[in-house]
Amino acid sequence: MCGLICFIGFIFLILVYNYKFKDPKPIFGVYAVPGKWYYVKYVVFAFIYYYRKYSKRNSAAGSSGRAGQGVKAIADPASMDRAHPFSDHAKAFDAVFFISASRNEDDKGIYVISGCERRPMGMCNGLFYIGLPGKGLLCSKKIPDTVLFGAQISEFGAEGIKMTPVEPMNKWTVSYKGQMWLQNDPEKLVNVEFQGEWLATSKHFDYDCDLHPPAVIRSIAREKWSRAYFENLKTAHQSHYEQFGVLKCKFKIDDESYEYTLPSFRDHSFGVKRDWSLMHRYAFHHIFLQNGINISVGVICQPSTASV
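Numbering (UniProt numbering), first residue to last: 1 to 308.
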């Protein structure tokens, strides 16, 4: 009898607490803050996260499973670091991005950026930039339009841009052949032939299973939970990994030749779909220090899954 009374009293207190205390509004109507059930949700999701992470530590979600929240999408790096078959979704994607930066003896910046987001129907969103002292920023011919056509099946690139995996998680090639325009003189076009070899200097970092668990758990616990919310977590998920390396490149701009070895960063994202309309805001910084330390710092706000 005493136990029943205690149980009823406990339920009563929960109902009073739920009724009396309201969840605070998101900052600027977007960024979620801890609500009245934050600590309960933290404990619940921590249990789910760690169970998923350690029960699947030697396996992966697979094509029909649910990656993320501690579970890697693909266990074999060789199967991960390649072009992936598209899902049946209209917004299916598979994207790679390379950024390299250093400075010359006059402390002037040198930059090379290349990216390709594969999409169905032979289309991709692609870009290529070179930043050089004395010349400024060179942009691939169609920039600011990034929509490129004629992409071959299982290849990253089109219309002169191409990125090719050679050795999984260790070596890629990056190339460009075509015209580019100068940001400081948009009417001027130059002919560019670029060949680069990207070599890894670190292990890859898999966002599905390598993120600091408390950071993920805090982020999920801040949001309002519902059936629709957890469905969004599943359908909007993208697998993503990053890696540091060096880019050894040779290129010609008209009749001028250049050769550099640049500290570099690359990433690869893939999943059922990529819907940019879900993204509110994001910022990334990639930092290359003289002593060889490399740093990647990023924040993503996607309110349907994690606003902070």
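The beta-carbon is built from N, C-alpha and C at its ideal position, and this holds for glycine as well. None of these values were measured; they are calculated from a predicted model.
Around the CB of H212, fewer than 16 other CB atoms lie within 10 Å, so the residue is classed as exposed.
In this structure I295 is exposed. Its beta-carbon is surrounded by fewer than 16 other beta-carbon atoms within 10 angstroms. Beta-bridge analysis with DSSP links Q290 to no other residue. Under DSSP, G131 forms a beta bridge with Y111 and L137.
A straight line joining the alpha-carbon of K53 with that of S257 spans about 50 Å. Boundaries for K188: no alpha helix (DSSP H) harbours it, while the beta strand (DSSP E) harbouring it runs D185 to A200, taken from the DSSP string. For the set Q302, F288 and P303, the Cα lying nearest the Cα of A101 is the one of F288. Apart from the 5 residues on each side of it in sequence, R66 sits with its Cβ closer than 7 Å to the Cβ of K234 in its chain, given in chain order. Between A73 and S239, the C-beta spacing is below 8 Å. Taking all protein chains shown into account, K162 has 16 or more neighbouring C-beta atoms within 10 Å of its C-beta and is therefore buried. Taking the C-beta atoms as reference points, K177 is found no nearer than 8 Å to W198. Looking at the DSSP output, P263 shares a beta bridge with V246. When secondary structure is reduced to three states using DSSP, T305 falls in the coil class, being assigned neither helix nor strand. If you check the CB distance, R222 and A46 do not come in under 8 Å. With contact defined as three or more Cβ pairs closer than 8 Å, the region 137 to 153 and the region 278 to 292 are not in contact. The three-state reading of DSSP puts P165 in strand, counting E and B together.
For F97, the enclosing beta strand (DSSP E) begins and ends at F93 to R103. When Cβ pairs closer than 8 Å are counted between the two stretches, the region 180 to 198 is seen to touch the region 236 to 251, the count reaching three or more.
In terms of Cα proximity to D254, the closest of V112, F98, A83 and M180 is M180. In the DSSP assignment, M180 forms a beta bridge with S140 and V190.
Under the three-state reduction of DSSP output, A228 falls in the helix class. Remark: C-beta atoms of V272 and A92 approach each other more closely than 8 Å. Note that the C-beta distance between A151 and G122 is below 8 Å. Closest option to C301, judged by alpha-carbon separation, among S277, G292 and D88: S277. For S87, the secondary structure class from DSSP, reduced to helix, strand or coil, is coil. Residue range Y38 to S55 is occupied by the alpha helix (DSSP H) that includes F45. The shortest C-alpha to C-alpha distance from R266 to any of V147, Y260 and H204 is the one to H204. Exclusion of the five residues before and after K188 leaves W181 and L182 as the residues of its chain whose Cβ lies within less than 8 Å of its Cβ.
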